[in-house]
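Number of protein chains: 8
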Amino acid sequence: MRVYLSGEIHSDWRDEIIAACGDLELVFDGPVTNHAASDDCGVAILGVEAEKFWHDRKGAQLNAIRTRNGLEQADIIVVRFGEKYKQWNAAFDAGFCAALGTPYITLHDDDIIHPLKEVDGAAMAWAQTPEQVVEVLKYVTNIS
Amino acid sequence: MRVYLSGEIHSDWRDEIIAACGDLELVFDGPVTNHAASDDCGVAILGVEAEKFWHDRKGAQLNAIRTRNGLEQADIIVVRFGEKYKQWNAAFDAGFCAALGTPYITLHDDDIIHPLKEVDGAAMAWAQTPEQVVEVLKYVTNIS
Amino acid sequence: MRVYLSGEIHSDWRDEIIAACGDLELVFDGPVTNHAASDDCGVAILGVEAEKFWHDRKGAQLNAIRTRNGLEQADIIVVRFGEKYKQWNAAFDAGFCAALGTPYITLHDDDIIHPLKEVDGAAMAWAQTPEQVVEVLKYVTNIS
Amino acid sequence: MRVYLSGEIHSDWRDEIIAACGDLELVFDGPVTNHAASDDCGVAILGVEAEKFWHDRKGAQLNAIRTRNGLEQADIIVVRFGEKYKQWNAAFDAGFCAALGTPYITLHDDDIIHPLKEVDGAAMAWAQTPEQVVEVLKYVTNIS
Amino acid sequence: MRVYLSGEIHSDWRDEIIAACGDLELVFDGPVTNHAASDDCGVAILGVEAEKFWHDRKGAQLNAIRTRNGLEQADIIVVRFGEKYKQWNAAFDAGFCAALGTPYITLHDDDIIHPLKEVDGAAMAWAQTPEQVVEVLKYVTNIS
Amino acid sequence: MRVYLSGEIHSDWRDEIIAACGDLELVFDGPVTNHAASDDCGVAILGVEAEKFWHDRKGAQLNAIRTRNGLEQADIIVVRFGEKYKQWNAAFDAGFCAALGTPYITLHDDDIIHPLKEVDGAAMAWAQTPEQVVEVLKYVTNIS
Amino acid sequence: MRVYLSGEIHSDWRDEIIAACGDLELVFDGPVTNHAASDDCGVAILGVEAEKFWHDRKGAQLNAIRTRNGLEQADIIVVRFGEKYKQWNAAFDAGFCAALGTPYITLHDDDIIHPLKEVDGAAMAWAQTPEQVVEVLKYVTNIS
Amino acid sequence: MRVYLSGEIHSDWRDEIIAACGDLELVFDGPVTNHAASDDCGVAILGVEAEKFWHDRKGAQLNAIRTRNGLEQADIIVVRFGEKYKQWNAAFDAGFCAALGTPYITLHDDDIIHPLKEVDGAAMAWAQTPEQVVEVLKYVTNIS
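Residue numbers (our numbering), protein chains in the order written: chain A, -8 to 135; chain B, -8 to 135; chain C, -8 to 135; chain D, -8 to 135; chain E, -8 to 135; chain F, -8 to 135; chain G, -8 to 135; chain H, -8 to 135.
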């Protein structure tokens, strides 16, 4: 089973989940999590831009090569919403999965359940901790 | 051509666009824009919930009946990001359109181009004013 | 909007809904609701069968011409589970809709929520009365 | 070839089929067959619910992560209807496969051919015993 | 409902069906039924070919513009196999419909049920007379 | 039937075809054919760009809103290659149609059949004159 | 690359092709080629039928489990038309591939090019000998 | 990750990219790059043609067997436009990818950005050198 870990890149939730799933036959995927590299990849590789909008566009589209493939090939997606930033890319990924019909789990605290109601409304589960995500992954892949 | 107007529901941008496109053969669609009705439709129709999470779930899923159909039938979507709220539903709609391959336009100020870079990166155009959206709609539907 | 009314054919729930939605611009569709005609259409038109299995097969496949088209063209499906019969065809229709990604509402009493948990789990709403279905249809098609 | 074994979880029909197919290059998949675990997985992992409906919803959606992936990846599905319970989930799986165009076989006694006529009508075969299913799997995968 | 009448073009079965369905709200479609025009349309419009193979290719592809659109837009297809010719185009159309998941009915005598077993095996019904086809069309489109 | 006229915008081939098809029930669609408007629409509506690349990008993506919808909704596409310019957009449209499975006709002189062999290889017909295109449209839409 | 060998089962053309492609990294697939087994598999496994039509139906649908999977997973299909029998199943397979967009090659003598014009018209190549098919497979899979 | 290298076959850009990506887990694919073999494969294998048009058709369709499979299976496509020839096949491939939703990168000098604006407009990135393509491939496949 392929698991795509989408969203927040400022805490170590991905590492927690991957480490705790060591015994499962899972392949983990996700976006580039180096914030600076992710922001500047476009101009670093393909040349500088005077306009911030096109600077961002170049980077966003390079990252999209990776994220589109990751989302389309995943069997299950975990979408993490943290405390900082707008995180519209995480909601974008959730909408992308909803259209594909790929099951996804949200991972966020309970103080943002109202603004996330549409995102949660199309999710298969809402987890509040990485441990719960691990338990879900163990459950759905167990050999009963 | 069917145009779906997604996102912010606290200013009159939809009315501006619809009024200015009066001469075009366009059908406009969008979510329920009455904020209270949109939030509480689930429990109002299907019964109260003690938990806020399920209160929101009921409403979000009722609204999804309308929004899914609207997004899937649209030829072009306009996704508006305003100044208030998290607006993850707008980003969710954009991701949904991206997966469907339906062209969409974003409508937002230039102070949020960085957090919207993934959403803009999959868009066909970024407009800063409803007037620009109207010009785009006129242009793409003109009879040259 | 096209609404397909699936499931139980022994009470007048379809008539109730259709009558109460008279003012909405909805097109209603559904299976043949004459039980005897539905059971025997195959052999009545295409010739008798000695084996009950093929008698049923002939009818089921004729009915499927209608139901497949109805389900595929619908924007929203209502799936009604009543008190009698196995009603596997209703659950089959729900699974068919789930795979298509078409939003559906279930309509059933609360004494069967446990056996219907998978069917409800993929639904956008659970209604207990035809009146609630009508309210949902009014809500999702209103012009706010 | 991937074979998904859907439906009844109270007899050992899965084990019979898997054991008898030991020589074939088949990968078997299916739902969690521990009834209690399947019913309660949602609340056990993600927190208790006061309402039975949401208790069931949580579990049904967790299980759906596994079953959706299993159904979508399968080359052939066997859908077993036993003597007990409503088994609407089995019919739901059959409808899901029908919409995907994935071939499925039903496995049930002849006393329920009438209520299963729509489910059988979209099936590639009706088997009455696990042995027959095994023979079908051997036949369709043989190297002539 | 759109009905596509595929296959044999040497008897008046299409006219019979269309005439008898006069009261139904059906749109009928089908291939060009003028045998000479159908065979020679390619070279007549686009220039002569020395090789019979390319003469036929040109015609077959022109006809395919019409037939592909007709098959893809149809809600139900009737595939008629007559007594003469190889009629591989009729079987081709049936296979095309099977892949699309569009319901089709075969119309042929009982002396060719064995060679047509794969074509019939994916059909929703086998009719032996145009009258039966008419009855099927009446049944699946009736307003009960 | 919807006919999309793609490609060269410097001669009046579209007008010729549309005029000659006056009696047919066809809806014609196509790109904006005003060369200057097509090139500059992006910056004219959405603001000037210092870089030619982004100037062109803005315009190309606005035009793509129209062309994508036109190509996806068309039943038949005519792709015209003229004598001037690179015309990669016309070949792009042909590839887009090939992936969608939508029948298309090429319209070009015989001195470019070699470089167009891949584009012609996926086409249903090659016409050398607008008159031939008209005859094809008449043929495929006739009521025999 | 997966190659599906469809059609005629009375000569050794499959063996010829497979043997001659020994050095290529190809996986070959195809229907059951034991004529008697193919005709009678349904009743042999699932019980006898009094009616020839249902005898054939049972077998055809069992075989369809194998052929549908084989056609859907193939990268290239070879469809062989021989001298005997109606071979509607071969044309059915070709139509199925055409709808899926999977490239196929026909293999047949030149005395049946006219009745096969629709089948050839959607093919990527027409071969007259197994040797030519082998050359095509070598060519399309070579590492230049 | 599968990378398809489409377009110009007269310089060694493919070798440069493949060599520089030696450490990455990438599978490279592409068309036959032997120009003469690519042009004449059809008649060489399947028999000579008197007409240049059909000579080319035969070759183009054989090549399409390979290119269609390559494009459909690729996770990322690089489309190279060089200095010579019309290169409509490269633009055709780009359009094909756009319709499939598969991310592609263009590789071309800056003197042709205007005629390539539609092709670039649907691309995820524009590279001017093979080195940049290599950097992109390294970036999107890195394990951060």
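We put the CB at the ideal spot given by N, CA and C, even for glycine.
Open item on the list: So, at 6 Å on beta carbons, what are the nonlocal neighbours of T24 of chain C in its own chain, with the 5 sequence-adjacent residues on each side left out?
Closed with: I0
TODO: At 7 Å on the CB atoms, spell out the chain K contacts of N80 of chain E, in chain order.
DONE: Chain labels in this structure do not include chain K; the protein chains are A, B, C, D, E, F, G and H.
Task: Neighbour-count burial assignment, T93 of chain B, 16 or more Cβ in a 10 Å radius - done: buried
Open item on the list: Could you check whether the Cβ of A41 of chain D sits closer than 8 Å to any Cβ belonging to chain B?
Closed with: yes
TODO: Please classify Y76 of chain G: does DSSP put it in a helix, a strand, or coil?
DONE: coil
- [ ] Could I get the ranges of all uninterrupted alpha helix (DSSP H) runs contained in the segment 10 to 80 of chain E, with 4 residues as the minimum, in chain order?
- [x] 26 to 37, 43 to 64
Open item on the list: Do V69 of chain B and I103 of chain B have their beta-carbon atoms positioned less than 8 Å apart in this structure?
Closed with: no
Task: Distance between A10 of chain F and V127 of chain F (C-alpha atoms, nearest Å) - done: 15 Å
Task: Cβ of K75 of chain H within 8 Å of any chain F Cβ - done: No, because no Cβ of chain F sits closer than 8 Å to the Cβ of K75 of chain H.
TODO: Spell out whether any CB of chain H is found under 8 Å from the CB atom of A65 of chain A.
DONE: no
Open item on the list: Using C-beta distances below 8 Å, list every residue in its chain close to H143 of chain B, excluding the 5 sequence neighbours before and after it, in chain order.
Closed with: Nothing in the structure corresponds to residue 143 of chain B, since chain B is present only between -8 and 135.
Open item on the list: Please report whether the beta-carbon of W4 of chain C lies at a distance below 8 Å from any beta-carbon of chain G.
Closed with: no
- [ ] Tell me, to the nearest whole angstrom, how far the beta carbon of F44 of chain C is from that of L62 of chain C; I am working on the premise that it is less than 8 Å.
- [x] Contact flag wrong, Cβ pair sits at about 24 Å.
Open item on the list: Using a 10 Å radius around the Cβ and a threshold of 16 neighbouring Cβ atoms, would you call E42 of chain G buried or exposed?
Closed with: exposed
Task: Coarse secondary structure for L98 of chain E, derived from DSSP in three states - done: strand
Open item on the list: Can you tell me whether G(-2) of chain D is buried or exposed? The criterion is at least 16 other CB atoms within 10 Å of its CB, across all chains shown.
Closed with: buried
- [ ] Please report how far the alpha carbon of K129 of chain D lies from the alpha carbon of G13 of chain D, in whole angstroms.
- [x] Cα-Cα distance, rounded: 11 Å.
Open item on the list: Let me see if you follow: with CB-CB separation under 8 Å, is I0 of chain A close to chain B or not?
Closed with: no
Task: C-alpha gap between W79 of chain C and I8 of chain B, whole angstroms - done: 48 Å
Task: Nonlocal neighbours in the same chain, by C-beta distance under 8 Å from G50 of chain F, ignoring five residues either side - done: S29, D30, D31, C32, G33, V34
Task: CB contact flag (I36 of chain H, Q123 of chain G, <8 Å) - done: yes
TODO: Give the DSSP-derived three-state secondary structure of L128 of chain H in the structure shown.
DONE: helix
Task: A85 of chain E vs D20 of chain E beta-carbon contact at 8 Å - done: no
TODO: Look at the Cβ atom of T132 of chain E, then the Cβ atom of L53 of chain E, and state whether they are nearer than 8 Å.
DONE: no
Open item on the list: Please list, in chain order, the chain H residues whose beta carbon lies closer than 8 Å to that of A55 of chain A.
Closed with: P94, M115
Task: 6 Å Cβ shell around M(-8) of chain D - same chain, five flanking residues per side excluded - done: L17, D66, T132
Open item on the list: Can you tell me whether A82 of chain G is helix, strand or coil according to DSSP?
Closed with: For A82 of chain G, the secondary structure class from DSSP, reduced to helix, strand or coil, is helix.
Task: Coil, strand or helix - G92 of chain A by DSSP - done: coil
TODO: Check the Cβ of A118 of chain D against every Cβ in chain G and list those closer than 9 Å, keeping chain order.
DONE: I36, L37
- [ ] Mind checking who S(-3) of chain D pairs with in its DSSP beta bridge?
- [x] D:V70
- [ ] Identify, in the order they occur along the chain, each residue of the same chain with its Cβ nearer than 8 Å to the Cβ of L91 of chain G, setting aside the five sequence neighbours on each side.
- [x] The residues L62, E63, in chain order, have a CB closer than 8 Å to that of L91 of chain G in the same chain once the five nearest residues on each side in sequence are set aside.
Open item on the list: Quick test of your reading: D111 of chain D and R5 of chain C, contact by CB under 8 Å. State the CB separation rounded to the nearest angstrom.
Closed with: Between R5 of chain C and D111 of chain D the Cβ distance is about 25 Å, and since that is not below 8 Å, they are no contact.
TODO: Just mark A27 of chain E as buried or exposed, buried being the case when its beta carbon has 16 or more other beta carbons within 10 Å.
DONE: exposed
Open item on the list: For a contact defined as C-beta to C-beta under 7 Å, what are the partners of C32 of chain H on chain G?
Closed with: Y130
Task: Cβ of L91 of chain A within 8 Å of any chain B Cβ - done: yes
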